[in-house]
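Chains as they are written, first to last, in the working numbering: chain D, 123 to 238; chain R, 123 to 238.
We put the CB at the ideal spot given by N, CA and C, even for glycine.
Everything numeric in this text was worked out from a predicted model, so none of it was measured.
Below: one structure, written as structure tokens.
Protein chains: 2
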Amino acid sequence: MSDAALWSALADPHRRAIVTLLLERPRPVGEIVRACGLSQPSTSKHLRVLRDAGLVRVRQDAQRRVYALDPAPMAALDAWLAPYRKLWNESLDALGRRLDAAPDDPREPPPHPEKD
Amino acid sequence: MSDAALWSALADPHRRAIVTLLLERPRPVGEIVRACGLSQPSTSKHLRVLRDAGLVRVRQDAQRRVYALDPAPMAALDAWLAPYRKLWNESLDALGRRLDAAPDDPREPPPHPEKD
DNA sequence: CGCGTGCATGCCTTGACGGGAATATAACCG
DNA sequence: CGGTTATATTCCCGTCAAGGCATGCACGCG
Chain D
123 MSDAALWSAL
133 ADPHRRAIVT
143 LLLERPRPVG
153 EIVRACGLSQ
163 PSTSKHLRVL
173 RDAGLVRVRQ
183 DAQRRVYALD
193 PAPMAALDAW
203 LAPYRKLWNE
213 SLDALGRRLD
223 AAPDDPREPP
233 PHPEKD
Chain R
123 MSDAALWSAL
133 ADPHRRAIVT
143 LLLERPRPVG
153 EIVRACGLSQ
163 PSTSKHLRVL
173 RDAGLVRVRQ
183 DAQRRVYALD
193 PAPMAALDAW
203 LAPYRKLWNE
213 SLDALGRRLD
223 AAPDDPREPP
233 PHPEKD
């Protein structure tokens, strides 16, 4: 599961900030450094993690390295999330209904927990 | 922002496994322990993290604690992911068509979206 | 009641991670 | 070539999280 690299890459707030930053447009390292208020080495290390996760690609422009977002790996997140998506729609929907509905409606859905 | 709790909760592979496990049905702790091969205390601690992130709810049934998934917080992940979703659709589409549109492209390694 | 079961919590150790400073590397400029 | 800019890498340290063990706690049962 190389999902692991993806999740752990995005688990860090600074890295999510960088990704969000690159959502607007590609940026050179120096700009990212200034934007997220970290030291240049730390930023470079974060960028390395993102690169290893496949989330960003780098293009060399003279001495500068311009980092660009590659959103493709996030499709894996979306795929992982997919089974839950319909669930939370149901539950949010059911919640609103329940708060507003009859006092004695059934609480347990058909799929009953088994086992003793 | 409690996004942090959510992301860090799901960043751990064991916790993702637990969540996936609870996707099928609610389960008591003992069952989760057996399923993910950790010690009971470790499992309980993971469950605590998931509970703090709002991802699971617990129902007491005699001595047993039955954990159930609460997918609602994942909507936040979905929301975060939303801006990228259209991007990766575009890029996947464009990827097969024109990998390199830059006129001055130096020599980028072939951007292979392969998983290892 | 006391005891066994099922789970949570506290303590401790270890390993991974993040941050900064210093240093290395690469590219441009003169 | 030497110097300067822009970024990557290394070293070191503090912090934190994960895991196991021992223990505490609640509940049900005999």
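Give me the chain D residues within the contact set of residue i, using Cβ-Cβ distance strictly less than 7 Å, ordered along the chain.
| i | result |
| --- | --- |
| R/R207 | D200 |
So for residue i, helix, strand or coil by DSSP?
| i | result |
| --- | --- |
| R/L160 | coil |
| D/A127 | helix |
| R/M138 | Looking at the sequence shown, residue 138 of chain R is not Met but Arg. DSSP places R/R138 in helix when its eight states are reduced to three. |
| D/R229 | Note that D/R229 scores a pLDDT of 39, beneath 50, so its modelled location is shaky; the value from the coordinates is reported in the next line. It is coil, neither helix nor strand. |
| D/D174 | helix |
| D/A190 | strand |
| D/L147 | Note on identity: in this sequence residue 147 of chain D is Arg, with Leu being the wrong assignment. Here D/R147 sits in coil by DSSP. |
| D/E212 | helix |
Going by the CB atoms, is the gap between residue j and residue i shorter than 8 Å?
| i | j | result |
| --- | --- | --- |
| D/A131 | D/L172 | yes |
| R/R187 | R/V180 | yes |
| R/H136 | R/L169 | no |
| D/A157 | D/L145 | no |
Exposed or buried, which one is residue i when buried takes at least 16 other CB atoms within 10 Å?
| i | result |
| --- | --- |
| D/A204 | exposed |
| R/P163 | exposed |
| D/A194 | buried |
Out of the options, state which residue places its alpha-carbon closest to the alpha-carbon of residue i.
| i | options | result |
| --- | --- | --- |
| D/W210 | R/R138, R/Q182, R/I154, R/G176 | R/G176 |
| D/A133 | D/K208, D/L199, D/R207, D/E212 | D/L199 |
| R/P148 | R/G159, R/K208, R/S124, R/Y189 | R/Y189 |
| D/P150 | D/M196, D/R207, D/A184 | D/A184 |
For a contact meaning CB atoms closer than 7 Å, what does residue i contact in chain R?
| i | result |
| --- | --- |
| D/P193 | Y206, L209, W210, S213 |
List the residues of chain R that residue i touches, going by C-beta distances under 8 Å, in chain order.
| i | result |
| --- | --- |
| D/P150 | Within chain R, no residue comes near D/P150; the closest Cβ sits about 15 Å away, beyond 8 Å. |
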